[in-house]
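*Asks:* Questions regarding the structure given below will be posed in turn.
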Amino acid sequence: MKIFTAISKGQAAAYTSHLDFQRVLQQAARRAKLPLAYSQGFSPHPLFAFATALATGYSSDGEWVEMELIEDLSPKDFIKRLNAQLPPGLRAVQAMVAPLTAKSLASGMEAALYGIVLDCNASIAEDAVRAAFAGILADTEILHEKKGKGGLSMVNIRPQILELRLLAVSGSTVFLRAKGVLTAAGGLRPEFLVKTVLERLQVNGTARVHRERICFSRDSAVF
């Protein structure tokens, strides 16, 4: 059977890299004695597939993982057994049985919703933030330098910004929510959006990024 599960990643685990996250999850699944299916070959490994990676330093309400099992197991028992072995900061919050023929989680991704807190080095007026957001949404091109395997390239992030909303301003702290494209081929990098906002506000600052939700297509198993 195939099971899709969402794992929350709290602040205690935010600085766990994606590779370490994979290792911790596999170790927890083994300790929980889940009936995992393994690959064939010289070095068998559990058949796990992650919808997408989460950048180190970000927290999340639910990172989706698909696992193959060799025995049937109810989602309730799956969550109970896995959570008993996960370390602080990681917790299975949802699970569902999917047909073995179900499309991969990665193929169904469309977007992600982020909650972002900006801690700026100066007080910010709410009108200034609203004006900056309006300017960003009115633009057709917002370029950032991206480093890839082929070297440096310029990427236009404006088409990747689907929504940008101000939640609140408190002194030098700005609370916002953004929805960005997220597909198997890539998507909005929140750090580029943060850099854009800070530049438009003409301040320096740091950001805390929380992925609230991965949005899947209507024909996916987890919509």
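Residue numbers (the working numbering): 851 to 1073.
Glycine is no exception: its CB is placed at the ideal position from the N, C-alpha and C atoms.
Taking the beta carbon of H1060 as the centre, do at least 16 other beta carbons fall within 10 Å, making it buried, or is it exposed?
*Replies:* The residue is buried, with at least 16 neighbouring Cβ atoms inside 10 Å.
*Asks:* So, is V943 buried or exposed, given that buried needs 16 or more other C-beta atoms within 10 angstroms?
*Replies:* With fewer than 16 other Cβ atoms within 10 Å, it is exposed.
*Asks:* Please name the residue or residues paired with D969 in a DSSP beta bridge.
*Replies:* T1023 and T1056.
*Asks:* Which of helix, strand or coil does DSSP assign to T951?
*Replies:* Reduced to three states, the DSSP call for T951 is coil.
*Asks:* Counting pairs of beta carbons, one from the segment 886-895 and one from the segment 960-975, are three or more of them closer than 8 Å?
*Replies:* Cβ pair count under 8 Å is below three, so no.
*Asks:* With K997 as the anchor, note down where its alpha helix (DSSP H) starts and where it stops.
*Replies:* That residue, K997, is in no alpha helix (DSSP H); its beta strand (DSSP E) goes L993 to G998.
*Asks:* In terms of alpha-carbon separation, which member of R1063, K999 and S1020 lies closest to A961?
*Replies:* Nearest of R1063, K999 and S1020 to A961, Cα basis: R1063.
*Asks:* Hey, A948 and A1071 are a contact pair by Cβ (cut 8 Å); roughly how many whole angstroms apart?
*Replies:* Right, the Cβ-Cβ distance comes to about 5 Å (below 8 Å), so this counts as a contact.
*Asks:* Where does V1044 sit, in a helix, a strand or coil, going by DSSP?
*Replies:* Reduced to three states, the DSSP call for V1044 is helix.
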